[in-house]
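Enquirer:
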Amino acid sequence: MESARQEKLQKLKEQGLAYPYRFRVSHDIGEIKSRYEKPTEGRELCVRGSVKKVSRVEEGYLIRLVGDRGVEMLALTSEELRVGAECTLKGKLDRYEGKLCLMDALPCQEEALSPEEVKKEYDLDPGFEEVSLAGRLVTLRSMGKALFGHLQDATGKVQIYLRKDTVGEEALKSFEELVDTGDILGVEGRLFRTNAGELTVEVKSFTLLAKSLHPMPEKWHGVKDVEVRYRQRYLDLIANETARKVFLLRSKVVQSVREFLNAEGFLEVETPVLQHVASGANAKPFVTYHNYLEQNLFLRIAPELYLKRLVVGGFNRVYELGKNFRNEGVDTTHNPEFTMLEFYVAYWDYTDLMEFTERLLSHVVVSTVGSLKRSYKGREVDWTPPYRRYHYFELLQEKTGKEKEFFLKDLEGLRALARDLGVPKVETLTHAKLIDKVFERLVEEELWDPCFVTDFPKMLSPLAKTHRKDPELVERFELFVAGRELANAYTELNDPFEQRERFFQQLKEKEMGDEEAMQMDEDFITALEYGMPPTAGEGIGIDRLVMLLADVDSIREVILFPALRRS
RNA sequence: GAGCCGGUAGCUCAGUCGGCAGAGCAACGGACUUUUAAUCCGUGGGUCGCGGGUUCGAUUCCCGCCCGGCUCACCA
């Protein structure tokens, strides 16, 4: 804590002004901004002005372009321009940090508009509307008898302007004495635009709503230290626009998924996180203890077996959007708790699900990022359906020249192949694991645009129904995007006898050293004995979907509070 | 779990081949009534991740530990 701020808080406490109970807000900051800022729709424009300031940013140079009458707008360009230079730039109009900006601007010779003319069209005159706004004071520029600052929350940022004539000498003095950047401030006043054209509240009165006892992160570089960003995510959200964008996007994705499923007649349900048997996936569970029941429980590794019980119960379309917990390694694509969507549809098979997945994902992608094409790691991902479909063993055959029989029958040959591919610890891997590893090595990375890989070997899929045309396969697909598995789905196995056999097979795998082999769930088999209709089910990794749409390469960037060791 | 890299002011980062610890922003004092990475003048600020060792002297060299990142292994 900073002593100067503590002293100011002490003064506020003495005056009974330290932590007010409420403040009447007329609008969100974002709401007021969008009211007077028209969407630009990425229009191509030519603008002429003189360069007032050049700042180096990640994307190149950020230029403040000023017109004859002092109205300003921004341009992002790779051109190195000198301050004071007259220039004409052409680029796509957008907003950068809330201001009109020509993106990817290049010099041009065409007929050009002035910043005044552009702003007149897109930045409307607020006409001295009276507003009452609140937010965190993130910048402050004192000019003696007047001062400027910006209030910010997750919805946006708005400039405030206090002048002695309007707010009064006493009030201005107490602002200078008591308010720091980082404080939460409420202001009342009227909206206008400054000479430079920025939407601004001319403040009549202000209220300090909460004091920040710590100084804010640096305004230009923000917080870069990932440890601070993850442990104190609030600082990341305050300081870094990109962090705010990612988590707003995540929220939109979740909302959009629900919207789509609800509209398709699905029922959202919640099944136990604490389970007696952690089954439904191949993974090591977390163990916990219930004092009253006097027994160990597991945190679920998947909701699958409970959701299928609900289908037995007559809920024909169910989904659950929630956390799964797996007691395994942590890295850029794995967090011990992660968010999965699982959904089940009675009377469908996996081919119905492929078509449905295309509709679901294209809806989510369009409604969250506004386009079916989205770049990931500098390469475009095209989400436009239909997605290509490949057979599992056809892909393997393409890569190795070897047929299905080789992979399913020639265990030693397969082991040798895996060894040649550099798969570690091949001697200890089970047959199923070997096939899985070889597929991963040879095929997965190349599957960039969304595509379905279908018809997996049965030994990899203990809950999937045997393929109607081939008893060695199951009716299962995985959806791959950008080289990673995004969804996993199958026609559900609903024969209780066969299900029991498959669980036994898993127990054998476990004895042969596969720690993650699936656990037997007798109660689930009992449910199947009552009759589960033909059903198709699917799981989609929400964190990974968000990673793709947000164009980030670590799962920690899309989880607000990722798992870290205690500091 | 293994290998490599990192931890210096509130933040972003320099730096010390072992000799009083540096900048910008933030803070503090002053000037400035349309600024916007405001500007100008001045001031203060450090357990150099933690613990040991070597040394006259360690933030720097050595050893151990903690935390993080990347790669690999396990997994989605």
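Residues in the first sequence are numbered consecutively from 37, following the numbering used here.
Using N, Cα and C, we set each Cβ at its ideal position, and we do this for glycine too.
The structure displayed is predicted, hence computed values, not measured ones.
1. Compute the Euclidean distance between the alpha carbons of residue 447 and residue 514, then round it to the nearest angstrom.
2. Between which two residues does the alpha helix (DSSP H) containing residue 589 stretch?
3. What is the rounded straight-line gap between the Cα of residue 190 and the Cα of residue 273?
4. Curious, which full-length alpha helix (DSSP H) runs of at least 4 residues does the region 505–592 contain?
5. Look up residue 143 in the DSSP assignment and say whether it is helix, strand or coil.
6. Looking only at its chain, what residues have a beta carbon closer than 6 Å to the beta carbon of residue 111, apart from the 5 residues adjacent to it on each side?
7. Roughly how far, in whole angstroms, is the beta-carbon of residue 396 from the beta-carbon of residue 296, given that I think they are within contact range, below 8 Å?
8. Can you tell me whether residue 6 is buried or exposed? The criterion is at least 16 other CB atoms within 10 Å of its CB, across all chains shown.
9. Check for me: the alpha helix (DSSP H) holding residue 332 runs from which residue to which?
10. With DSSP as the reference, label residue 135 as helix, strand or coil.
11. Measuring alpha carbon to alpha carbon, tell me which of 292, 332 and 357 ends up nearest residue 626.
12. Determine, using beta-carbon pairs with one atom in the region 567–583 and one in the region 377–386, whether at least three such pairs fall under 8 Å.
13. Whose C-alpha, out of 106, 245, 455 and 115, is nearest the C-alpha of residue 52?
14. Considering only residues of the same chain and omitting the five flanking positions on each side of residue 130, which have a CB-CB separation below 7 Å?
15. With a floor of 4 residues, list each alpha helix (DSSP H) that falls wholly inside the region 236–297, ordered by position along the chain.
16. Considering only residues of the same chain and omitting the five flanking positions on each side of residue 319, which have a CB-CB separation below 7 Å?
17. Does the Cβ-Cβ distance between residue 373 and residue 599 come in under 9 Å?
18. Going by the beta-carbon positions, is the gap between residue 467 and residue 453 smaller than 9 Å?
19. Roughly how many whole angstroms lie between the Cα atoms of residue 535 and residue 469?
20. Alpha carbon to alpha carbon, what distance is there between residue 488 and residue 517?
21. Alpha carbons only, please: which of 390, 40, 232 and 234 is nearest the one belonging to residue 421?
22. Per DSSP, what kind of secondary structure is residue 493 in: helix, strand or coil?
23. Please confirm if the region 402–420 is in contact with the region 531–550, defined as three or more CB-CB distances below 8 Å between the two stretches.
24. Which runs of the beta strand (DSSP E) fall wholly inside the region 402–441 and span at least 3 residues, in chain order?
25. Is the region 394–412 close to the region 291–310, with three or more CB pairs under 8 Å?
26. Residue 370 bridges to which residues according to DSSP?
27. Give a yes or no on whether the C-beta atoms belonging to residue 72 and residue 235 are separated by under 9 Å.
28. Can you tell me which of 275, 267, 251 and 250 puts its alpha carbon nearest to the alpha carbon of residue 259?
29. Helix or strand or just coil, what does DSSP make of residue 393?
30. Going by the beta-carbon positions, is the gap between residue 159 and residue 74 smaller than 9 Å?
31. Using the C-alpha atoms, what's the distance from residue 143 back to residue 117?
32. Evaluate residue 261 with the Cβ neighbour count: other Cβ atoms within 10 Å of its Cβ, from every protein chain shown; 16 or more gives buried, anything less gives exposed.
33. Helix, strand or coil, according to DSSP, for residue 193 in the structure here?
34. On a Cα-Cα basis, can you pick out the residue from 544, 176 and 81 that is closest to residue 151?
35. Where residue 458 and residue 481 are concerned, what is the direct C-alpha to C-alpha distance, given to the nearest angstrom?
36. Are the beta-carbon atoms of residue 227 and residue 211 separated by less than 9 Å?
Expert: So, from the data block:
1. Start at 1 with the first residue of the first sequence, and residue 447 comes out as number 411. Start at 1 with the first residue of the first sequence, and residue 514 comes out as number 478. Near 24 Å, if we compare the C-alpha coordinates of residue 514 and residue 447.
2. For the purposes of this step, residue 589 is identified with residue 553 of the first sequence, where counting begins at 1. No alpha helix (DSSP H) contains residue 589, which DSSP labels as neither H nor E.
3. Residue numbering aside, residue 190 sits at position 154 when the first sequence is read from its first letter. Residue numbering aside, residue 273 sits at position 237 when the first sequence is read from its first letter. Near 8 Å, if we compare the C-alpha coordinates of residue 273 and residue 190.
4. 532–547, 558–565 and 578–586, all fully within the region 505–592.
5. Residue numbering aside, residue 143 sits at position 107 when the first sequence is read from its first letter. It is a strand residue.
6. Position 75 of the first sequence holds residue 111. These residues qualify, in order along the chain: 99, 101, 125, 138 and 141.
7. Within the first sequence, numbered from 1, the residue matching residue 396 stands at position 360. Within the first sequence, numbered from 1, the residue matching residue 296 stands at position 260. So it is a contact: roughly 6 Å between Cβ atoms.
8. No answer is possible for residue 6: it lies beyond the span of the chain, which begins at 37 and ends at 603.
9. One-based indexing of the first sequence puts residue 332 at position 296. Note, residue 332: premise wrong, no alpha helix (DSSP H); beta strand (DSSP E) at 331–335.
10. Sequence index remark: in the first sequence, residue 135 carries index 99 (1-based). In this structure, DSSP gives residue 135 an extended state, which the three-state scheme calls strand.
11. Nothing about residue 626 can be read from this structure; the chain reaches only from 37 to 603.
12. yes
13. Reading the first sequence from its first residue, position 16 is the one you call residue 52. Comparing Cα-Cα distances from residue 52 to each of 106, 245, 455 and 115, the minimum goes to 245.
14. If you number the first sequence from 1, residue 130 lands on position 94. Non-local C-beta neighbours of residue 130 in its own chain, meaning closer than 7 Å and more than five positions away in sequence, comprise 76, 78, 137 and 139, ordered along the chain.
15. Every alpha helix (DSSP H) stretch that sits fully inside the region 236–297 and reaches 4 residues is listed by chain position as 262–267 and 269–275.
16. Taking the first residue of the first sequence as 1, we reach residue 319 at position 283. Excluding residues within five positions, the ones whose Cβ falls inside 7 Å are 337, 362, 364 and 552.
17. As a working note, residue 373 is residue 337 in the first sequence. As a working note, residue 599 is residue 563 in the first sequence. Taking 9 Å as the Cβ cut-off, residue 373 and residue 599 qualify as a contacting pair.
18. Residue 467 sits at position 431 when you count from the first residue of the first sequence. Residue 453 sits at position 417 when you count from the first residue of the first sequence. No, these two residues do not count as a Cβ contact at 9 Å.
19. For the purposes of this step, residue 535 is taken as residue 499 along the first sequence, with counting starting at 1. For the purposes of this step, residue 469 is taken as residue 433 along the first sequence, with counting starting at 1. Roughly 20 Å separates the two Cα atoms.
20. In the first sequence, the residue the question calls residue 517 occupies position 481. In the first sequence, the residue the question calls residue 488 occupies position 452. Roughly 9 Å separates the two Cα atoms.
21. In the first sequence, residue 421 corresponds to position 385, counting from 1. Comparing Cα positions, the closest option is 390.
22. On the first sequence, position 457 is the one that residue 493 refers to. Correct three-state label for residue 493: strand.
23. no
24. 409–412, 415–418 and 424–427
25. yes
26. Along the first sequence, read from residue 1 onward, the residue named residue 370 stands at position 334. 367.
27. By 1-based counting over the first sequence, the position of residue 72 is 36. By 1-based counting over the first sequence, the position of residue 235 is 199. Their beta carbons are under 9 Å apart, which means residue 72 touches residue 235 by this criterion.
28. Position 223 of the first sequence holds residue 259. Here the closest residue by C-alpha is 275.
29. Counting from 1 along the first sequence, the entry for residue 393 is found at position 357. Three-state result, residue 393: helix.
30. Taking the first residue of the first sequence as position 1, residue 159 is located at position 123. Taking the first residue of the first sequence as position 1, residue 74 is located at position 38. One thing to note: residue 159 has its Cβ within 9 Å of the Cβ of residue 74.
31. Position 81 of the first sequence, counted from the first residue, corresponds to residue 117. Position 107 of the first sequence, counted from the first residue, corresponds to residue 143. Distance between the alpha carbons of residue 117 and residue 143 is about 10 Å.
32. Position 225 of the first sequence holds residue 261. Exposed is the call here.
33. By 1-based counting over the first sequence, the position of residue 193 is 157. Residue 193 falls in the strand class under three-state DSSP.
34. Start at 1 with the first residue of the first sequence, and residue 151 comes out as number 115. If we check each option's Cα against that of residue 151, 81 comes out closest.
35. Position 422 of the first sequence, counting from 1, holds the residue named residue 458. Position 445 of the first sequence, counting from 1, holds the residue named residue 481. Spanning the two alpha carbons is a distance of roughly 16 Å.
36. Taking the first residue of the first sequence as position 1, residue 227 is located at position 191. Taking the first residue of the first sequence as position 1, residue 211 is located at position 175. No.
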